[in-house]
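Visitor:
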Amino acid sequence: MSATAQRATTSTTTTLTAESQASIVTSPLARKVLAFSRIVIGFFFLWPFLDKTFGLGFSTPAERAWINGGTPAQGFLKGMTGPDGTSPFKGFFELFINPFGDVLFMAGLLGIGVAMLAGAGLRIAAVSGTLLMIFMYLAEWPVFVAGSTNPILDSHWVEACLLLIAAATLAGDTWGLGKWWGGLDLVKKNRWLR
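Heads up: the sequence shown begins at 26 in my numbering, then just goes up one per residue.
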């Protein structure tokens with residue numbers, strides 16, 4: 026006697042769906058405020074890149090422009106690690122007083138600024154921007170400096186918070202490329218790219 030068994034097979038397909046800002050932030054006004062903040066912080070990072078690259082005359086005169094041989098990161102770090110520098114991390118930051126440090130710094134400013142303005146790649150921009158702000162804070166070491174407005178915190182903390190808030194709330198979905206970017210298969214499979 027032979028028995029036949031039928032197997033029921035089911036086909037399961039995993040459908041990846043894109044996250045949406047509307048599911049995280051339910052108020053349309055709040056989404057617009059977050060988008061505005063994202064654009065502001067994006068321009069806040071992009072502008073120093075442009076000024077330091079081309080010497081537009083705001084914080085960087087033309088003769089100290091990166092394209093004219095200026096050293097944007099080295100100049101900052103030399104001031105922070107020199108004889109008057111108060112950071113206990115001076116030795117670490119002296120490692121970046123070289124052209125490689127300039128390239129890292131300028132690439133960071135450009136990448137973070139463009140990502141925030143475009144509204145795509147916010148998670149990478151937020152993490153790298155927060156790291157940049159932590160490094161700048163540690164290089165300056167403004168803790169208990171006479172004349173400061175706060176004995177511990179400075180603007181680097183606010184900038185890092187704005188970056189993280191933009192990424193966490195998918196602020197690029199409003200007035201940016203975030204929805205389109207988040208809908209790409211590559212980004213759906215690799216959420217860290219969002």
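We put the beta carbon where it would ideally sit given N, CA and C, even for glycine. Treat the numbers as computed from the prediction; the structure is a model and nothing was measured.
Quick one: what's got a C-beta closer than 8 Å to Leu211's C-beta in the same chain, skipping five residues either side?
Guide: In the sequence shown, the residue the question calls residue 211 occupies position 186. Leu218, listed in sequence order.
Visitor: Rounded to whole angstroms, what's the CA-CA distance from Leu188 to Ala60? Just pull it up for me.
Guide: Here residue 188 refers to the residue found at position 163 when the sequence shown is read from its first residue. Here residue 60 refers to the residue found at position 35 when the sequence shown is read from its first residue. Cα to Cα, the separation comes out at about 11 Å.
Visitor: So the alpha helix (DSSP H) Phe169 belongs to, where does it begin and stop?
Guide: Within the sequence shown, the letter at position 144 stands for residue 169. Here Phe169 belongs to no alpha helix (DSSP H), and DSSP marks it neither H nor E.
Visitor: Within 10 angstroms of its Cβ, does Phe70 collect 16 or more other Cβ (buried), or is it exposed?
Guide: Within the sequence shown, the letter at position 45 stands for residue 70. By the neighbour-count rule (16 or more Cβ atoms within 10 Å), Phe70 is buried.
Visitor: How about the segment 114-129 and the segment 97-105: do they share at least three Cβ pairs that are nearer than 8 Å?
Guide: Taking 8 Å as the limit for Cβ pairs, the verdict is that the segment 97-105 does touch the segment 114-129.
Visitor: What residue does the alpha helix (DSSP H) around Leu81 start on, and which one ends it?
Guide: Within the sequence shown, the letter at position 56 stands for residue 81. First-last for Leu81: undefined, no H or E at that position.
Visitor: Skipping 5 residues on each side, what residues in its chain have a beta carbon closer than 6 Å to that of Leu202?
Guide: Counted from its first residue, the sequence shown places residue 202 at position 177. Hits under 6 Å: Ala143, Gly144 and Ala145.
Visitor: Starting from the Cα of Phe160, find the closest Cα among Glu88, Lys115 and Pro108 and give me that residue.
Guide: Residue 160 sits at position 135 when you count from the first residue of the sequence shown. Out of Glu88, Lys115 and Pro108, Lys115 has the C-alpha closest to the C-alpha of Phe160.
Visitor: Within the segment 81-158, note down every full alpha helix (DSSP H) run reaching 4 residues or more, in order along the chain.
Guide: If we require 4 residues or more, the alpha helix (DSSP H) runs fully inside the segment 81-158 come out as 97-106, 115-119 and 124-143.
Visitor: Out of curiosity, what's the CA-to-CA distance linking Ile149 and Gly110?
Guide: Position 124 of the sequence shown, counting from 1, holds the residue named residue 149. Position 85 of the sequence shown, counting from 1, holds the residue named residue 110. Their Cα atoms are separated by approximately 31 Å.
Visitor: Measuring CB to CB, does Leu134 end up less than 8 Å from Pro73?
Guide: Position 109 of the sequence shown, counted from the first residue, corresponds to residue 134. Position 48 of the sequence shown, counted from the first residue, corresponds to residue 73. The answer is yes: Cβ separation under 8 Å.
Visitor: By the three-class DSSP mapping on this structure, what secondary structure does Trp72 have?
Guide: Counting from 1 along the sequence shown, the entry for residue 72 is found at position 47. If DSSP states are grouped into helix, strand and coil, Trp72 belongs with the helices.
Visitor: Output needed for Asp179: all residues of its chain with C-beta closer than 6 Å, excluding positions within five of it in sequence on either side, in chain order.
Guide: In the sequence shown, the residue the question calls residue 179 occupies position 154. Excluding residues within five positions, the ones whose Cβ falls inside 6 Å are Pro167.
Visitor: Please confirm if Gly80 has its CB atom under 8 Å from at least one CB of chain D.
Guide: Absent from the structure: chain D. Only one protein chain is present.
Visitor: Looking at C-alpha atoms only, which residue of Ser112, Leu163 and Ala191 is the closest neighbour of Leu147?
Guide: What you label residue 147 is simply residue 122 of the sequence shown in a count that begins at 1. Out of Ser112, Leu163 and Ala191, Ala191 has the C-alpha closest to the C-alpha of Leu147.
Visitor: What is the C-beta distance between Ser153 and Gly138, in whole angstroms, given that I count them as a contact (C-beta under 8 Å)?
Guide: Against the sequence shown, residue 153 aligns to sequence position 128. Against the sequence shown, residue 138 aligns to sequence position 113. Actually they do not touch by this definition, with Cβ atoms about 11 Å apart.
Visitor: Which whole-angstrom value describes the C-beta separation of Trp200 and Ile64, a residue pair presumed to lie in contact below a C-beta threshold of 8 Å?
Guide: As a working note, residue 200 is residue 175 in the sequence shown. As a working note, residue 64 is residue 39 in the sequence shown. Contact flag correct, Cβ pair sits at about 7 Å.
Visitor: Quick check on DSSP: helix, strand or coil for Ile66?
Guide: In the sequence shown, the residue the question calls residue 66 occupies position 41. Helix.
Visitor: Check whether the Cβ atoms of Ala43 and Lys213 lie closer than 8 Å to each other.
Guide: Here residue 43 is taken as the residue at index 18 of the sequence shown, counted from 1. Here residue 213 is taken as the residue at index 188 of the sequence shown, counted from 1. Cβ atoms of Ala43 and Lys213: closer than 8 Å.
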